[in-house]
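Chains as they are written, first to last, in the working numbering: chain X, 62 to 462; chain W, 62 to 462.
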């Protein structure tokens with residue numbers, strides 16, 4: 062939507078407040094035993110009531126058949142064309158562990174792996190070596206020196222780590238050394254453009270050194286690097302929409318994405334109830350609040366149907382505190398669906414409610430995939446949710462005479 | 062849809078007739094007391110019956126969150142991409158008072174205003190001075206001479222007028238002299254490209270002269286000019302769709318838009334029943350009739366819920382006369398919603414019915430926002446309504462082998 066040439070000239074700032082709740086992995090699919098989805102199974106009276114009094118619909122995150130990652134899922138909701146504005150895998154991994162990244166850095170996602178004496182990859186994930194065992198190995202990697210470059214290696218979880226390269230003129234267009242299949246030899250990382258040659262040279266030196274410092278380890282004796290990426294430059298949604306936007310998220314990755322989108326990240330605690338505390342205490346200071354709820358996605362990803370139901374019920378209990386703030390616009394959306402029966406993100410459309418004085422109370426009976434699909438908004442692109450929120454907040458003027 | 066590269070090669074002209082009724086500001090929102098929208102509150106048995114036997118849905122005028130003006134709202138229904146084909150504010154104002162505009166003219170929207178002795182704007186609308194008082198002032202403005210340019214000034218209503226500049230090489234890219242806020246000094250109109258310099262010079266001379274001829278007036282002693290625009294060139298829908306298209310509209314602005322779109326404007330009277338007379342008497346001579354109903358929008362803009370109900374009921378009474386013509390295709394659409402509770406145009410999707418031998422009688426219970434949303438067309442872009450009308454009229458052949 063930021064692509065739309067007219068959005069900026071339509072913006073008319075005002076005092077009204079938007080609370081934009083993103084329930085990660087909100088949508089689901091029916092259980093094969095009950096025929097009911099997680100939302101249909103959960104006892105969520107507050108969300109059900111919200112559905113009744115809101116304009117409701119479903120969002121298409123990227124396209125009807127694209128399963129989005131967290132990056133495009135959120136960027137689309139914030140109004141960015143997710144096919145145009147992308148966040149590299151290395152950067153997203155770094156954001157996920159809360160690292161501050163600068164312009165002179167390239168972030169790379171790393172795996173510990175095993176190779177045989179001939180350099181043939183035998184396990185691309187080193188048997189998912191647990192963090193306790195991988196920690197000391199990652200400390201060894203962190204000590205590697207590459208000439209003219211500052212390197213640092215930070216643990217993520219199990220076999221995964223982030224490698225940061227810092228220096229001048231480091232491009233990001235470098236290929237992985239991962240043969241992508243076990244039984245094949247490591248490949249050399251190469252630069253895809255001239256600006257990235259220094260990065261490729263540094264990566265290959267690092268890989269060689271990694272083989273040396275890990276040579277005595279049984280569990281993992283090599284690294285695979287991929288997702289070379291630099292910080293993307295996104296237009297700031299605070300500027301484009303003339304909002305004083307704040308983000309409240311317990312998980313670092315979502316704070317990172319929000320910061321890239323130009324929001325002010327508010328410090329908060331580790332649970333959603335801490336997030337709601339933060340929303341309440343900062344409510345007077347901003348006109349847009351992105352607040353993120355993670356547990357629904359986490360349970361869905363674990364394939365735990367009952368746990369996802371519980372996550373939705375836990376969310377429901379806190380909805381009254383959010384509604385009591387009487388924001389001019391309250392949006393409940395999801396970045397993508399995460400059906401428990403799939404144990405992963407999916408392409409399915411995602412429940413949406415928008416509540417304001419100017420929404421038709423659609424009167425749908427409950428907050429569920431099927432029920433919300435009958436509402437007045439219908440199926441819209443996720444990139445249109447921001448515009449609809451702004452329209453309901455009175456922050457958009459008429460287009461054309 | 063005129064953007065669609067294939068539309069022209071798909072056109073197969075035939076004898077069938079399309080009546081395309083545009084109910085201005087058709088959609089609404091529920092009353093806060095009854096919870097029912099204007100359409101839900103109105104007694105409209107003929108429209109309800111039409112809904113039952115038609116294919117039904119909702120249209121998105123420009124995007125799910127854009128509130129369209131009359132220009133983009135109508136152009137979209139006629140198949141034009143409203144972001145690509147635009148009508149300037151000056152031109153639309155001139156069309157609204159029924160002026161014929163030529164290629165060598167620039168139309169400008171003017172306000173009478175007041176300034177203090179230092180040139181500070183004190184009232185941008187001169188207290189909305191009524192037409193009776195503004196008339197003599199506008200006559201004074203009409204006598205202003207600008208070298209090498211023919212100027213004319215025509216009253217619109219109250220403080221509003223249209224200034225027409227006529228001459229060679231008059232571009233339209235000129236900024237307003239309106240500081241857009243009271244308490245600020247007038248700004249100089251400037252040309253944004255070389256082709257518009259002559260226009261800017263003429264505008265500034267006119268403004269200076271206006272200050273002189275109005276200097277003795279207490280009620281308004283200056284003018285604000287904006288919306289400098291020339292006649293846009295739109296592809297003719299009569300040519301593109303191979304239609305012999307006619308327009309019937311009591312209000313000049315809609316006649317003007319129809320003419321820009323390449324329709325033949327039929328003379329008609331001042332009320333919708335006169336329009337239906339015109340439709341009946343010309344029914345044999347054309348294969349496409351745009352017929353425009355204004356009162357629903359006017360009542361909505363006035364924020365008069367009851368009056369909008371009455372406007373819809375008045376329309377309903379004339380539906381049988383239109384249906385008795387047995388057009389092959391009868392479309393009832395709206396250019397945008399105008400909810401009475403907002404007192405303005407809005408972004409909400411707009412009711413649509415299409416009736417032909419080839420439409421599914423959706424059997425929805427009534428002609429209302431909620432009811433029509435459940436029909437077989439679903440939500441479509443307004444730019445697709447023309448194509449759907451042509452398809453139902455048998456005027457589009459198969460695409461591809």
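Beta carbons are placed, not taken as given, at the ideal position from N, Cα and C, and that holds for glycine. Treat the numbers as computed from the prediction; the structure is a model and nothing was measured.
Measure the beta-carbon distance from residue i to residue j and round it to whole angstroms, keeping in mind my assumption that it falls under 8 angstroms.
i	j	result
residue 290 (chain W)	residue 151 (chain W)	4 angstroms
residue 225 (chain X)	residue 242 (chain X)	Wrong, their Cβ atoms sit about 27 angstroms apart, outside the cutoff.
residue 34 (chain W)	residue 233 (chain W)	No statement about residue 34 (chain W) is possible, as the shown extent of chain W runs from 62 to 462 and does not include it.
residue 454 (chain X)	residue 79 (chain X)	5 angstroms
residue 217 (chain X)	residue 158 (chain X)	6 angstroms
residue 457 (chain W)	residue 105 (chain W)	Not really, about 31 angstroms apart at Cβ, beyond 8 angstroms.
residue 122 (chain W)	residue 397 (chain W)	5 angstroms
residue 433 (chain W)	residue 118 (chain W)	6 angstroms
residue 85 (chain X)	residue 357 (chain X)	6 angstroms
Is the CB of residue i under 8 angstroms away from at least one CB in chain W?
i	result
residue 78 (chain X)	no
residue 437 (chain X)	yes
residue 462 (chain X)	yes
residue 309 (chain X)	no
residue 457 (chain X)	yes
residue 395 (chain X)	no
residue 415 (chain X)	no
residue 119 (chain X)	no
residue 391 (chain X)	no
residue 463 (chain X)	Summary: the structure shown does not reach residue 463 (chain X), with chain X confined to residues 62 through 462, and so no result is reported for it.
residue 441 (chain X)	yes
residue 63 (chain X)	Residue placement at residue 63 (chain X) is poorly supported in this model, since its pLDDT is 47, which falls under 50; the coordinates still yield a value, given next. No, its Cβ sits nowhere closer than 8 angstroms to a Cβ of chain W.
residue 198 (chain X)	no
residue 4 (chain X)	Examination of residue 4 (chain X) is not possible in this model, given that chain X is present from 62 through 462 alone.
residue 465 (chain X)	For chain X, the structure presents residues 62 to 462; residue 465 (chain X) sits outside this window and is missing.
residue 303 (chain X)	no
In the DSSP output, what is residue i paired with across the bridge?
i	result
residue 350 (chain W)	W:80 and W:307
residue 216 (chain W)	W:222
residue 184 (chain W)	W:175
residue 457 (chain W)	W:72
residue 235 (chain X)	X:252
residue 442 (chain W)	W:121
residue 283 (chain W)	W:174
residue 210 (chain W)	W:207
residue 290 (chain X)	X:168
residue 416 (chain W)	W:391
Is the CB of residue i under 8 angstroms away from at least one CB in chain X?
i	result
residue 291 (chain W)	no
residue 143 (chain W)	yes
residue 233 (chain W)	no
residue 208 (chain W)	no
residue 287 (chain W)	no
residue 431 (chain W)	yes
residue 447 (chain W)	no
residue 153 (chain W)	yes
residue 129 (chain W)	yes
residue 90 (chain W)	yes
residue 148 (chain W)	yes
residue 81 (chain W)	no
residue 326 (chain W)	no
residue 434 (chain W)	yes
residue 73 (chain W)	no
residue 123 (chain W)	yes
residue 96 (chain W)	yes
residue 406 (chain W)	yes
residue 403 (chain W)	yes
TODO: Decide if the segment 440-447 of chain X is in contact with the segment 407-418 of chain W; the criterion is three or more beta carbon pairs, one per stretch, under 8 angstroms apart.
DONE: no
Open item on the list: Check whether the segment 241-260 of chain W and the segment 126-142 of chain W are in contact - that is, three or more C-beta pairs closer than 8 angstroms.
Closed with: no
Task: Complete alpha helix (DSSP H) runs within the segment 306-346 of chain X (minimum length 4 residues, chain order) - done: 313-321 and 333-342
- [ ] Please determine if the segment 270-280 of chain W and the segment 303-313 of chain W are in contact, where contact requires at least 3 C-beta pairs separated by less than 8 angstroms.
- [x] By the Cβ criterion, the segment 270-280 of chain W is not in contact with the segment 303-313 of chain W, since fewer than three pairs of Cβ atoms, one from each stretch, lie closer than 8 angstroms.
TODO: Quick one: which unbroken alpha helix (DSSP H) runs of 4-plus residues sit fully inside the segment 119-175 of chain W? Chain order, please.
DONE: Correct list: 131-138 and 150-157.
TODO: Would you list, in sequence order, the uninterrupted alpha helix (DSSP H) runs of no fewer than 4 residues that lie entirely inside the segment 353-414 of chain X?
DONE: 356-362 and 366-384
Open item on the list: Quick check: the segment 187-200 of chain W against the segment 276-285 of chain W, are at least 3 beta-carbon pairs closer than 8 angstroms?
Closed with: yes
Open item on the list: Quick test of the definition: if touching needs 3 or more C-beta pairs under 8 angstroms, does the segment 374-381 of chain W touch the segment 99-114 of chain W?
Closed with: The answer is yes - the segment 99-114 of chain W touches the segment 374-381 of chain W, with three or more Cβ pairs under 8 angstroms.
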